[in-house]
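Chains as they are written, first to last, in my numbering: chain A, 1230 to 1572; chain B, 45 to 249. C-beta: ideal position from N, C-alpha, C; glycine also. Take a look at the structure below.
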Amino acid sequence: MSVAPLALVGYFEPAWIQVLKAILIFAIALQLVPIVLIIERKLLGRFQARYGPNRVGPYGALQPMADILKLLTKEQFRPTTSIGLLFAVAPVISILTAVAAFAIIPFGDVQDIFGTKVGLYGVDVSIGPLYLFAFGAVAFYGIMLGGWASGSKYSFLGAMRGAAQLISYEVSQGLALLGVVFTAQTLSLTGIVRAQGGMWYIVPQFVGFVIFLVAGFAETNRAPFDLTEADAELVGGYNTEYGGGRFASYYFAEYLNMLVVAGVVTTVFLGGWLLPFGIHPPGWVDPLVVLFKMSLITFIFIWIRATLPRLRYDQLMSLGWKVLLPLATLNALATAIIVVATH
Amino acid sequence: MSDATPASSPSDSPASAAVNVMRWDPGEDVIEVKRSPAPGALRSAWRALRETARGLKTTFGRIAEGPVTMQYPEEKTPVYPRFRGRHKLHRFEDIPQHGTHAGLEKCVGCSLCAAACPADCIRVVAAENTPENRVSPGERYAAVYEINLSRCIFCGYCEVACPFDAITMGHDYELSSYDRSDLIFTKEMLLAESLERTPLRNEGE
Chain A
1230 MSVAPLALVG
1240 YFEPAWIQVL
1250 KAILIFAIAL
1260 QLVPIVLIIE
1270 RKLLGRFQAR
1280 YGPNRVGPYG
1290 ALQPMADILK
1300 LLTKEQFRPT
1310 TSIGLLFAVA
1320 PVISILTAVA
1330 AFAIIPFGDV
1340 QDIFGTKVGL
1350 YGVDVSIGPL
1360 YLFAFGAVAF
1370 YGIMLGGWAS
1380 GSKYSFLGAM
1390 RGAAQLISYE
1400 VSQGLALLGV
1410 VFTAQTLSLT
1420 GIVRAQGGMW
1430 YIVPQFVGFV
1440 IFLVAGFAET
1450 NRAPFDLTEA
1460 DAELVGGYNT
1470 EYGGGRFASY
1480 YFAEYLNMLV
1490 VAGVVTTVFL
1500 GGWLLPFGIH
1510 PPGWVDPLVV
1520 LFKMSLITFI
1530 FIWIRATLPR
1540 LRYDQLMSLG
1550 WKVLLPLATL
1560 NALATAIIVV
1570 ATH
Chain B
45 MSDATPASSP
55 SDSPASAAVN
65 VMRWDPGEDV
75 IEVKRSPAPG
85 ALRSAWRALR
95 ETARGLKTTF
105 GRIAEGPVTM
115 QYPEEKTPVY
125 PRFRGRHKLH
135 RFEDIPQHGT
145 HAGLEKCVGC
155 SLCAAACPAD
165 CIRVVAAENT
175 PENRVSPGER
185 YAAVYEINLS
195 RCIFCGYCEV
205 ACPFDAITMG
215 HDYELSSYDR
225 SDLIFTKEML
235 LAESLERTPL
245 RNEGE
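And the structure:
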C-alpha cells in the first residue's frame, strides 16, 4: 500500500467556487444553530416530562427567532471595570474559530456540478485534525479573553476553569484521533472518510470514539463538563458580564462548536457520507447522510446533558488526566503496534 | 448490663446515679458506617459506565412517558370538592321547602365572619330589615359586605363561623388583577352566580 504524501490535496478549485463555498458554509452554520437550539430545548423538555417551548410559532419553532431578536435589540453595555477592546473582540474570536472549524467538515465527496469539480466541504486541508485543534486552541482565547476582560470575579473564575479544562481534554482528544490517523494513514478528513469504505472506525477504534466524545463534551463546555459556565456557582461563568448581541455570539459559538464536534465524530468515526451495506446513493444524498449522523451525535449530546449532573472540579481534572489520557495513550500505542505488525 | 442502664428507681443512691450518667452506653444508637472496599480501576470504570447507562435509561423513559405539564390557560388544574377558593354569598333557593324565605339572602349581618377572620379582610355593615325592604329572613341584613381578597388568606374560618351557611368558599382561583382595588369584592359580586371556570376533580383523580 502506497502512503499518500501528507500535503496532497488532489486538485484545485477556482477562486469563485471557494468564495461561494465560504458564503454557503457560513449561511448553513447560521441556519443550523437555531435549529439545534430549538431541538435541544424541546428535547430537554421531553427528557424532563414537560413540553419545552411551544408558544411561539407552530410547535414553538420560532422560539429561537424570538430569542435572537430579543438579544439583538438589547442595549450593548459593558462594565466599567472591563477592558473595552478585548471585551468586544472576545466573542468575535469565539464565533470566528467556530465557523472556521466548521469549514473542514466534509459533507460529501467531490461532485461534478456543471462540469466543475466541487468538494462538498470548505477546505480539504491535508492536516485536518491539526487544523481542528489549532482553531480549538484559538477558541479558548475567546473564552479566556472574555472572562478576563470582563473585570469580574465570576467571569475570571469561569475563564480560568475553561482554560484548565480545555488544555486537559485537548490532549486526550488528540490522542484519541491518533489511532484513526494511524489506521487511515492520512490526515485529510476526506481521506479518512474514504479509508472507512470497508468498516467504520467506530468498530476498531471504539475506545477512541468514546474518549473523543467525552473529551468533546469537555471541549464544547457542555454538561456534564460545563464548569466554565456553572450557573449555580458562577452565575454564568465567562459570559456573566455579557448581554445582548455579544452574548448571542458566545451562545452561537457554543452551539456551533457542538455541531463541529458532532461533524468530526461523524467524519472520523461514523464514516462521513458513507452508508453501510455497500449502498452507493447518488451524490446529492451525501450531505443528508452527514447531517443525519450529525443529528444522532447531537442527540447524544443533549441526552447526556439531560442526564448527568455537573462534575466537581477535581473530579473533572482526575477524569481528564488519570482516566482519559492513559486510555487514549494506550489506545494509540496499541493501534500503532497493530498497524505496524500487519504491514 | 444492669449497671450500665440509667437509674430507674428512686431508691438508688445519688452517687451511683451520677456514675451511671457518666458511663452512658450508646447501645443501639450507634450506627456503624459500612463502606464497600474501594473498587479497582476496571471495576470502577464498569460501575461508572453502568450507572451512566442507568441514568440515560431513566431520562429516556421520561420521553416515553410523555409530558405531564398542564397547559394552563387552555387546561386548568382541577380542584378537589373542598378546595378553598374565592368566597360566595348565598341566597335561599326558590324551592317550596324554603317557603317565604325563598330568594332572600342568607346573611343576617351578624359579623361573626369578620370576627373570625385572622386577616381582618371582611367588612360588614348591618342594617335593619323593614317590612317594605326585607332582604334577609332575620332582623338585620348586611347593607355592606366586602371581602378584600388581597388580604384574604383563604383559611375558611369565615365559612366555619357563619351560623347560617351564608358564606362558603368557592372553587375559583383565578383572582389576579391589574388593580388592587379590583380585589375588594362587594356583596353584589359575591352574591352573583359565578361562572364556574374551575373544573372539579373527578373521583379518584
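query: First and last residue of the uninterrupted beta strand (DSSP E) at Val168 of chain B; result: 166-172
query: Partner residues on chain A for Ile107 of chain B, Cβ-Cβ distance less than 7 Å; result: Arg1275, Phe1276
query: Proximity of Gly1466 of chain A and Ser1384 of chain A at Cβ, strictly below 9 Å; result: yes
query: Option in A:Glu1462, A:Ser1311, A:Val1318, A:Val1400 with minimal Cα separation from Val1552 of chain A; result: A:Val1400
query: Short CB-CB distance (under 9 Å) between Val77 of chain B and chain A; result: no
query: Endpoints, alpha helix (DSSP H) assigned at Met1294 of chain A; result: 1292-1301
query: For Ala1557 of chain A and Ala1405 of chain A, believed in contact at Cβ under 8 Å, the rounded distance; result: 5 Å
query: Backbone CA spacing between Ile211 of chain B and Val112 of chain B [nearest angstrom]; result: 35 Å
query: Contacting positions in the region 69-99 of chain B - beta carbon closer than 8 Å to chain A; result: Ala89, Thr96, Gly99
query: Beta-carbon proximity list for Gly1371 of chain A, same chain, < 6 Å, skipping 5 on both sides; result: Ala1319, Ile1322, Ser1323
query: Arg1475 of chain A versus Lys1303 of chain A: straight-line alpha-carbon distance, rounded; result: 10 Å
query: Neighbour-count burial assignment, Leu1418 of chain A, 16 or more Cβ in a 10 Å radius; result: buried
query: Members of the region 102-131 of chain B that neighbour chain A once the beta carbon cut-off is set at 9 Å; result: Thr102, Thr103, Phe104, Arg106, Ile107, Glu109, Gly110, Pro111, Val112, Thr113, Gln115
query: Own chain partners of Gly182 of chain B with C-beta closer than 6 Å, once the 5 adjacent residues on each side are dropped; result: Val152
query: Proximity winner among B:Phe229, B:Ala146, B:Arg79, relative to Arg195 of chain B (alpha-carbon distances); result: B:Phe229
query: Proximity winner among B:His134, B:Ala171, B:Ile197, relative to Cys161 of chain B (alpha-carbon distances); result: B:Ile197
query: Integer-rounded CB distance, given that Gly1337 of chain A should sit under 8 Å from Leu1349 of chain A; result: 3 Å
query: Start-end ranges of the alpha helix (DSSP H) lying completely within the region 105-163 of chain B, minimum 4 residues; result: 156-160
query: Test item: CB-CB of Ile1531 of chain A and Val1490 of chain A under 9 Å; result: no
query: 9 Å Cβ cutoff, Ala51 of chain B in contact with chain A; result: With a pLDDT of 46 at Ala51 of chain B, under the threshold of 50, the predicted position of this residue should be treated as unreliable, and no value is reported.
query: Whole-number beta carbon distance between Ala1447 of chain A and Arg1534 of chain A, since they are thought to touch under 8 Å; result: Not really, about 13 Å apart at Cβ, beyond 8 Å.
query: The region 1364-1383 of chain A / the region 1495-1508 of chain A touching (three or more Cβ pairs under 8 Å); result: no
query: Limits of the unbroken beta strand (DSSP E) element including Val188 of chain B; result: 184-192
query: Leu1485 of chain A - partner residues in DSSP beta bridges; result: According to DSSP, Leu1485 of chain A bridges with nothing at all.
query: Below-9 Å beta-carbon distance, Ala1233 of chain A vs any chain B residue; result: With a pLDDT of 48 at Ala1233 of chain A, under the threshold of 50, the predicted position of this residue should be treated as unreliable, though the coordinate-derived value follows. Output row for Ala1233 of chain A: interface = no.
query: When A:Val1352, A:Leu1273, A:Leu1386, A:Gly1549 are compared against Leu1249 of chain A, the one with the closest alpha-carbon; result: A:Val1352
query: Delimiting residues of the beta strand (DSSP E) encompassing Asn213 of chain B; result: A small correction: the amino acid at residue 213 of chain B is Met; Asn does not occupy that position in the sequence shown. First-last of the beta strand (DSSP E) with Met213 of chain B: 211-213.
query: Inter-residue CB distance, Tyr1398 of chain A and Thr1412 of chain A (contact presumed, cutoff 8 Å); result: With a Cβ gap of about 22 Å, Tyr1398 of chain A and Thr1412 of chain A do not count as contacting.
query: Closer than 9 Å at the beta carbon, the chain B residues around Tyr1280 of chain A; result: Pro111, Thr113, Gln115
query: Pairwise C-alpha distance: Pro122 of chain B and Arg167 of chain B; result: 31 Å
query: 7 Å Cβ shell around Gly1472 of chain A - same chain, five flanking residues per side excluded; result: Lys1303, Phe1306
query: Proximity of Leu1488 of chain A and Val1262 of chain A at Cβ, strictly below 9 Å; result: yes
query: Start and end residues, alpha helix (DSSP H) containing Met1373 of chain A; result: 1357-1378
query: Within the region 1459-1512 of chain A, ranges of the alpha helix (DSSP H) (whole runs, at least 4 residues); result: 1460-1463, 1473-1498
query: Counted within 10 angstroms of its Cβ, other Cβ atoms place Lys1299 of chain A as buried (16 or more) or exposed; result: exposed
query: Own chain residues within Cβ distance below 6 Å of Asp226 of chain B, not counting five before or after; result: none
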